[in-house]
Structures are given as structure tokens and as C-alpha cells.
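Taking our numbering, the leading residue of the sequence shown gets 26, the next gets one more, and so forth. Glycine included, each C-beta is placed from N, C-alpha and C at the ideal position. What you are looking at is a predicted structure, and each value in this text was computed from that prediction instead of being measured. For reference, the structure discussed in these notes is given below.
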Amino acid sequence: MFEQKLVVGRYIDLPNTITTPVFVAAAAAGFHEVVGAIRHIDESTRPTIFHAKKSTTGLGAHGTARRNFMWLPWEPAVVTEVQVAGVDVLTGPMSGCWITRYPRAGNTYVGHVGTDTDPVKTAQAKAAWNGFTGPLPGGTATGFRPLNDWVGPYPNTGGNKAMVYALVTAAGQFYSVFTAQQGATTNLKIVGIQQINNTLPANGQI
26 MFEQKLVVGR
36 YIDLPNTITT
46 PVFVAAAAAG
56 FHEVVGAIRH
66 IDESTRPTIF
76 HAKKSTTGLG
86 AHGTARRNFM
96 WLPWEPAVVT
106 EVQVAGVDVL
116 TGPMSGCWIT
126 RYPRAGNTYV
136 GHVGTDTDPV
146 KTAQAKAAWN
156 GFTGPLPGGT
166 ATGFRPLNDW
176 VGPYPNTGGN
186 KAMVYALVTA
196 AGQFYSVFTA
206 QQGATTNLKI
216 VGIQQINNTL
226 PANGQI
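Rendered as C-alpha cells:
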């Protein structure tokens with residue numbers, strides 16, 4: 026549902042107070058679970074009809090369900106994860122990382138496999154994920170690479186830095202969200218959004 030609020034041409038603010046994680050406990054076996062705190066996107070505003078719409082984000086749930094999301098941060102060398110509790114999950118920014126959705130202990134999780142420019146950390150993150158998915162029956166885990174799996178040319182950022190995010194809906198749909206960072210701020214212009222099919226191999230290995 027949250028993808029309905031990520032409209033191309035609008036601006037969204039993701040301040041550090043929203044994206045700073047709180048962890049359940051220390052990382053274990055290469056996985057680091059995040060507390061699933063609900064965030065929301067506010068109703069959009071614009072100074073005049075000549076300006077694009079802009080939305081701020083904040084902590085806590087909104088009365089309109091499609092405005093709510095959970096934020097999943099990423100860390101190099103591990104898989105950060107959050108339980109899906111009927112709320113869409115937003116994570117990023119992305120480079121070549123895998124975003125996954127999988128069952129564990131009776132719950133459904135979204136994971137961000139923290140690959141990095143450091144090949145050692147990338148190998149550690151992939152090893153943690155592959156060690157976990159090895160015992161899973163084929164097809165029970167799904168996933169995608171928000172940047173690599175984008176179909177067609179990348180959206181035009183107007184010379185601004187591209188910041189790519191991943192959205193996993195509570196129903197298990199995947200979206201890549203292209204934004205253009207406005208200077209050095211946390212203000213992002215949405216320049217493209219695309220639904221992506223599951224590209225995780227059937228055995229879950231990456």
C-alpha cells in the first residue's frame with residue numbers, strides 16, 4: 026500500500042531521526058534484527074500551485090494505513106532484518122544488495138543482505154544469508170536487487186545524486202524507488218518507481 030504514496034515528481038524527507046535503527050539484540054549468526062517501529066508519511070503540501078508536492082515523515086502510526094511503513098537499515102557484512110507485521114518495509118539506500126523476504130520461527134521477515142565495497146564484508150554477508158537459506162525448502166524465500174533488477178534505463182536525476190530504495194509490501198510485492206537527493210539534505214525527489222519480480226534463485230543462494 027505504501028507505494029501509492031511514492032508518486033513520481035513528489036518530494037519526501039527521510040531525516041536521521043526516522044532512519045536511525047534500534048536493534049532487538051546483538052547480531053547473531055550474521056543476522057541483526059531491528060525493532061519494527063512504525064513510521065508514517067504525512068499528507069503532502071506545496072507552497073503554491075507552481076511547486077511540487079512534498080511530504081515529511083515521522084515516527085508513529087498514521088490513521089490511514091497506506092501511509093505507514095517500517096524502516097530497515099543496512100549494515101555491511103551482516104543481514105539486517107525486521108519482522109513484517111502487516112506493514113510495508115522501506116530500506117536503503119541501495120547499491121547491489123539483495124533484499125529478501127522469508128519465514129523463520131513462525132514469522133515473516135524482510136532482510137537486507139549487507140554487501141559492501143569491501144569484498145571481505147560482502148562475502149561475510151552472503152555467507153550468513155546462504156547459511157540460513159540452505160535448510161529452507163526451495164521457493165520459501167523470495168528476493169530482488171533493487172538496482173540491478175530495474176528494467177529499462179534508469180530514471181533521470183537531473184544531475185543530482187541517485188538514491189535508490191527498496192520497498193517490500195506486507196503482501197510480498199517488491200518495488201524499486203529511484204530518488205534524486207537534493208544537495209546534501211535528506212530531501213529526496215522521487216524520479217521513478219517500478220514493481221520488480223522475484224529474482225532470488227529457487228534454492229535461495231546468492
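- Judged by DSSP in its simplified three-state form, Trp96 adopts strand.
- In the structure shown, Glu106 adopts extended strand secondary structure according to DSSP, grouped into three states.
- For the pair Val112 and Pro180, the Cα-to-Cα distance works out to about 27 angstroms.
- Relative to the Cα of Val107, the nearest Cα in the group Phe203, Trp175, Ala195 belongs to Ala195.
- Shown here, Glu58 sits in a strand according to DSSP, grouped into three states.
- Just so you know, the alpha carbons of Leu115 and Asp143 end up roughly 24 angstroms apart.
- Looking at the DSSP output, Gly136 bridges to Glu106, Thr125.
- Residue burial is scored here from C-beta neighbours: Ala191 has at least 16 other C-beta atoms within 10 angstroms and is therefore classed as buried.
- Contact between Leu213 and Gln206 holds, with the beta-carbon distance rounding to 6 angstroms and staying under 8 angstroms.
- In the structure shown, Gly156 adopts helical secondary structure according to DSSP, grouped into three states.
- Contact between Thr82 and Ile37 holds: their C-beta atoms lie close to 7 angstroms from each other, under 8 angstroms.
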